[in-house]
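Residue numbers (numbering that gives the first Met the number 0): 0 to 81.
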Amino acid sequence: MQVLCKPSDSSADLYCPICGRGFLLYWERSSRDQQEVTLPEIQQTVRDHHSGDGHPEAAFNIPSWPGLPQFSAAALLGGATF
Ligand SMILES: [Zn+2]
């Protein structure tokens, strides 16, 4: 399932285990069970940022999506605001 991660300076749903950067999460589906299954994948992606260029400044999708993040299913169904 797809999730949109949006960097956030205030409240956040997930914090980077390495630097503590916060991210708001917008889910394609509201099922808690499915969210919990996807969570480790998100944490791994956030960790992987540290072996690359760092965290993106803009919102991003997991799994990665070729379109604009604000038009992804996770953004639309999750009610993300840009
Ligand atoms: Zn970090």
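Even for Gly, the Cβ is constructed at its ideal location relative to N, Cα and C.
Fair warning: this is a prediction, and the values are worked out from it, not measured in the lab.
Here the alpha carbons of A57 and G77 stand approximately 17 Å from one another.
When C-alpha distances from S10 are compared across T44, G53 and L23, the shortest belongs to L23. Between L3 and N60, the CB-CB gap stays under 9 Å. For L3, the uninterrupted beta strand (DSSP E) segment begins and ends at V2 to S7. Remark: C-beta atoms of Q43 and M0 do not approach each other more closely than 9 Å.
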